[in-house]
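Visitor: Under mature numbering (1 follows the signal peptide of the UniProt record, and there is no 0), the letters of the sequence shown match residues -25 to -1, 1 to 254, in that order. From the three backbone atoms N, C-alpha and C, an ideal C-beta is built for every residue, glycine too. Below you will find the structure I want to go over with you.
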Amino acid sequence: MMVSLFYPLFFVSVLCMNSFSGVQGKKWKGEGTTQNLESIFIGRCYDYIRTVNPAVGEKNCSQIWEAFKNAFINKNPCNILPKDYELFINLTFHTIPPNKSLFWENNQLLVSSFAGRGLRYMSLSDTLFGFVGNLLNWCGQENSPGLDYESCPTAMECENNAVDSFWRMTSIIYAQHSSGVIQVLLNGSAEGGAYPQTGFFADYEIPNLQKDKISQVLIWVVDDIEGPDLDSCGTNSVKILENRLETLGYDVTCTDNYKSVMFLLCLDNPDHSKCAFAS
């Protein structure tokens, strides 16, 4: 009798556990924290101050990691604000050279290649405060000191998530400290327009540019090699951007398929018709 009672109870327990697991699933729709986040973060910090840009001077990478982590750990992952990263910014901040700022939308990998890790230009991800978080994902859990490696909230689930608030804060700081001639690289093949009217550049960077520090804005609209020409200087969303900047009092120059960027694209597509440059 004991055996006949045990097995039904055992299988009921297993079924209940499986059902509970299936119903519970992942808490959020986004991917979880990048594995080995702490090691990657601290390693990038030392890489930056030792080899990428030693001119920024000595920085305490362990202290920077703690300030970064404390911005979102033990908190509701949907209630992380840009100001929560203020200490992190204070510890990582360094000067952005004049004429080197490179803003962008819809072409992150191209911008990264073109900037050359700060040698040609210094995009946000070429600053120390952007470099350590570039292409990583992270979030914590309320009332828990651990990171959530299973899932993190997406922007659709909540605006004030750890990653988006981080990039809002760093975008604001980057814009505030850009000076001289600034560059904006846009994707002319992007669906919905080269210049998204809702985005980091439109919402956080343009409003925080310091007009008295900026002499000129150069806009480069570059199509994908295999992509369509959907947007160009003086048309569609690019025209909206030009008008916005000119209304704010900036000296704006726009160029389609800027040659220097096209040369870079053509390294991987030398036989494409768009790469038949005049001698």
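Short check: CB of residue 147 to CB of residue 183, under 7 Å?
Guide: In contact: residue 147 and residue 183 (Cβ atoms closer than 7 Å).
Visitor: Would you kindly work out how many angstroms separate the C-alpha atoms of residue 24 and residue 75, rounded to a whole number?
Guide: Computed Cα separation, rounded: 19 Å.
Visitor: Are residue 128 and residue 53 closer than 7 Å when you measure CB to CB?
Guide: It is a contact, given that the beta carbons lie within the stated cut-off.
Visitor: What is the rounded straight-line gap between the Cα of residue 249 and the Cα of residue 241?
Guide: For residue 249 and residue 241, the distance between alpha carbons rounds to 8 Å.
Visitor: What's the gap between the Cα of residue 236 and the Cα of residue 80?
Guide: Answer to the nearest angstrom: the Cα atoms are 15 Å apart.
Visitor: So residue 2 and residue 126 are in contact, right, with Cβ under 8 Å, and what is the actual spacing, rounded?
Guide: Confirmed, Cβ separation roughly 5 Å.
Visitor: On the premise that residue 10 lies in contact with residue 124, defined as a C-beta separation below 8 Å, what is that separation, rounded to the nearest angstrom?
Guide: Residue 124 to residue 10, Cβ: 7 Å. Contact.
Visitor: Just grab the DSSP bridge partners of residue 228 for me.
Guide: According to DSSP, which records beta bridges pairwise, residue 228 is partnered with 193.
Visitor: Pick from 93, 63, 62: whose alpha carbon is nearest that of residue 28?
Guide: Answer by Cα proximity: 93.
Visitor: On a Cα-Cα basis, can you pick out the residue from 251, 99, 172, 72 that is closest to residue 189?
Guide: Ranking the options by Cα distance to residue 189, first place goes to 72.
Visitor: Hey, how far is the Cα of residue 223 from the Cα of residue 247?
Guide: Straight-line Cα distance between these residues: approximately 39 Å.
Visitor: Report the three-state DSSP secondary structure of residue 45 (helix, strand or coil).
Guide: Three-state result, residue 45: helix.
Visitor: Report the rounded CA-to-CA distance for residue 117 versus residue 13, giving the unit in angstroms.
Guide: Each residue's alpha carbon lies about 19 Å from the other.
Visitor: Which residue comes first and which comes last in the alpha helix (DSSP H) that contains residue 213?
Guide: Start and end: 211 to 222.
Visitor: Give the straight-line distance between the Cα atoms of residue 158 and residue 142, rounded to the nearest whole angstrom.
Guide: Taking the straight line joining both Cα atoms gives about 19 Å.
Visitor: Is it true that the CB of residue 192 sits closer than 7 Å to the CB of residue 233?
Guide: Not closer than 7 Å, so no.
Visitor: By DSSP, does residue 87 sit in helix, in strand, or in coil?
Guide: Residue 87 falls in the helix class under three-state DSSP.
Visitor: Write down the C-beta distance between residue 205 and residue 82 rounded to the nearest angstrom, noting that I regard them as a contact closer than 8 Å.
Guide: About 13 Å separates the two Cβ atoms, so there is no contact after all.
Visitor: Among 251, 252, 243, which one has its Cα closest to the Cα of residue 85?
Guide: Closest by alpha carbon: 243.
Visitor: DSSP puts residue 79 in a beta bridge; with which residues?
Guide: Its beta-bridge partners are 160.
Visitor: Could you name the residues of the same chain whose beta carbon sits closer than 7 Å to that of residue 220, not counting the 5 residues immediately before and after it, in chain order?
Guide: These residues qualify, in order along the chain: 192, 227.
Visitor: Suppose you measure from the CA of residue 63 to the CA of residue 45; what does that come to, to the nearest Å?
Guide: Distance between the alpha carbons of residue 63 and residue 45: 9 Å.
Visitor: Within this structure, are the beta carbons of residue 144 and residue 60 separated by less than 7 Å?
Guide: Yes. Within cutoff.
Visitor: In angstroms, rounded to a whole number, what distance separates the CA positions of residue 210 and residue 98?
Guide: Taking the straight line joining both Cα atoms gives about 26 Å.
Visitor: Which residues bound the alpha helix (DSSP H) around residue 110?
Guide: From DSSP, residue 110 is part of no alpha helix (DSSP H); its letter is neither H nor E.
Visitor: Assuming the contact rule is C-beta atoms closer than 8 Å, residue 67 and residue 34 should be a hit. Round their C-beta distance to whole Å, please.
Guide: Going by Cβ atoms, the distance from residue 67 to residue 34 rounds to 7 Å, so yes, they are a contact pair.
Visitor: What whole-angstrom Cβ distance do residue 239 and residue 78 have, given they're in contact under 8 Å?
Guide: 17 Å between Cβ atoms; not a contact.
Visitor: Measuring CB to CB, does residue 153 end up less than 7 Å from residue 55?
Guide: No, they are not a contact pair.
Visitor: Using only CA atoms, which one of 212, 203, 202 lies nearest to residue 194?
Guide: Of the candidates 212, 203, 202, the one whose C-alpha sits nearest the C-alpha of residue 194 is 212.
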